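Novice: According to the working numbering, the sequence shown holds residues -18 to 265 in order.
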Amino acid sequence: MNPGEGARRLGEGLWGISVPSDTLAPWTSTHAYVVGDAGVGWLIDPGGAGTEADAAVDALLQAAGVRDLKGVLLTHTHRDHVAGVASVLRRHGPVAVWAHPAGLARLPSGVGGRPLGPDRRLVAGPHFLVTVETPGHASDHLAFWLPDARALVAGDLVAGRGSTWVGTPDGDVGDYLASLARAAALDPVLVAPGHGPVRSDGRRVLDEARVHRLERERAVWDGLAAGPASLARLREHVYPGLDPAAHDLAERSVLAHLRKLMRETRVMHLGTDAEGPFARAPGA
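#1: Please work out which residues of its chain come closer than 7 Å, Cβ to Cβ, to Gly29, disregarding the five sequence neighbours upstream and downstream, and give them in chain order.
#2: Nearest-angstrom Cα distance between Trp202 and Leu133?
#3: Looking only at its chain, what residues have a beta carbon closer than 8 Å to the beta carbon of Ala40, apart from the 5 residues adjacent to it on each side?
#4: For Asp156, name the three-state secondary structure that DSSP assigns.
#5: Output yes or no for whether 8 Å exceeds the beta carbon distance between Arg180 and Gly141.
#6: For the alpha helix (DSSP H) holding His238, just list the boundary residues, first then last.
#7: For Gly106, count neighbouring Cβ atoms within 10 angstroms of its own Cβ and tell me buried if that reaches 16, exposed if not.
#8: Given a threshold of 16 other Cβ atoms within 10 Å of its Cβ, counted over all protein chains shown, does Glu245 qualify as buried or as exposed?
#9: Would a C-beta distance cut-off of 8 Å place Ala80 and Thr112 closer than the cut-off?
#10: Candidates Arg184, Asp182, Pro258, His193: which alpha carbon is nearest Arg216's?
#11: Please state the DSSP three-state secondary structure of Gly22.
#12: When you compare each of Gly(-6), Ala77, Leu223, Thr115 to Ala165 by their alpha carbons, which one comes out closest?
#13: CB-CB under 6 Å to Gly242, same chain, minus the five flanking residues each way: which ones, in chain order?
#14: Identify which residue in Leu123, Asp229, Leu24 has its Cα closest to the Cα of Ala213.
#15: Just to confirm my understanding: we take Arg184, look at its own chain, exclude 5 residues before and 5 after, and list those with CB closer than 8 Å. What are they?
#16: Could you tell me the boundaries of the alpha helix (DSSP H) in which Trp282 lies?
#17: Do Ile25 and Val38 have their CB atoms nearer than 8 Å?
#18: Look at the alpha carbon of Leu161 and the alpha carbon of Trp126, and state the distance between them as a whole number of angstroms.
#19: State buried or exposed for Arg197, treating a residue as buried only when at least 16 other CB atoms are found within 10 Å of its CB.
#20: Please state the DSSP three-state secondary structure of Glu114.
#21: Using a Cβ-Cβ cutoff of less than 6 Å, which residues in the same chain neighbour Arg87 once the five nearest sequence positions on both sides are dropped?
#22: Would you check if the distance between the CB atom of Gly22 and the CB atom of Val53 is smaller than 8 Å?
#23: I think Val274 touches Val172, with their Cβ atoms under 8 Å apart; what is that distance to the nearest whole Å?
#24: Give me the Cα-Cα distance between Arg233 and Leu239, rounded to the nearest whole angstrom.
#25: Ignore the nearest five residues each way along the sequence and tell me which others in Leu42's own chain have a CB closer than 8 Å to its CB.
#26: Starting from Val53, follow its DSSP beta bridges and name the residues at the other end.
#27: Just mark Thr32 as buried or exposed, buried being the case when its beta carbon has 16 or more other beta carbons within 10 Å.
#28: How many Å lie between Ala36 and Pro89 at the Cα?
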């Protein structure tokens, strides 16, 4: 889906649209989805706030024929996925907002939420969806599995093109790899991400994300081959020639990889703060 493109049916009981949002480059929008049929549906990730975003969400609900909005479901509580929630509640009634328990305190001001854990089955007209716990990009991340359509509404578990960001303080590379494996075990045909094109080669996009993350880990590991290195030096090794404006995001991503390697006792932290230096553990 592309910004400005109308709502469209993606599969059995699944509709989507691109909603303008304040998100990370290269994206300028977040995808919102509706699951349901027969006039009943759930809205997943309303996206950004503002007139254009409101119009996109309304067009999505209209295209899906939703007269009875059962509630709002959130893949996670990053601003580009939840900024539009309050406006949805004003325009479409006081429906419940459901999010992972770890994200309830992060909802926009004035928005109350209900806890939504893994393996919950939610009915949507003649269809149903199942919650899948998928931390890694965020500790409060969920995906939604639609068995009828063999579709996974993935949030930021993956991007339709390129990679999703995993970095400190809330991201966890080990959790992320486990979440990809959990999603791949469902054997989805269609993966509907939070950003980028919807993919009809579901296993492939999940595998691409796994390979990319392991390649990043290898780059961090290789950056320690010559001896102890600071976080900034490792960032330069993993992301050479990076725009200084992106240094913070890149270093937080490198640090997330270092934390995984430290848990595995493959890397040692020799410093007193996040700047390091870091080194390979003896015998690793």
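Quick reminder that beta carbons are idealized off the backbone N, C-alpha and C, glycines included. This structure is a prediction, so every number in the text was calculated from the model and none was measured.
Specialist: This is what the structure gives:
#1: Within its own chain, the residues whose Cβ lies closer than 7 Å to the Cβ of Gly29, once the five positions on either side in sequence are excluded, are Val0, Pro1, Ser2, Asp3, Thr11, Asp61, Ala64, Gly65, listed in chain order.
#2: 32 Å
#3: Gly(-13), Ala(-12), Ile(-2).
#4: Asp156 falls in the helix class under three-state DSSP.
#5: yes
#6: 228 to 244
#7: Per the 10 Å Cβ criterion, buried.
#8: Under this definition Glu245 is an exposed residue.
#9: no
#10: Closest in C-alpha terms to Arg216, from the list Arg184, Asp182, Pro258, His193, comes Pro258.
#11: strand
#12: Thr115
#13: What sits at residue 242 in the sequence shown is Leu, not Gly. If we look at Leu242 and ignore the five residues flanking it on each side, its Cβ neighbours are Val248.
#14: Asp229
#15: Ala165, Asp168, Pro169
#16: Outside the modelled stretch of the chain, which goes from -18 to 265, sits residue 282, for which no answer is possible.
#17: Contact flag unset, no.
#18: Cα to Cα, Leu161 sits roughly 13 Å from Trp126.
#19: buried
#20: strand
#21: Thr58
#22: no
#23: Because residue 274 is not part of the residues shown, which for the chain are -18 to 265, the question remains open.
#24: 10 Å
#25: Val15, Gly22, Leu24, Leu50, His73
#26: Leu24, Val78
#27: exposed
#28: So the two alpha carbons sit approximately 20 Å from each other.
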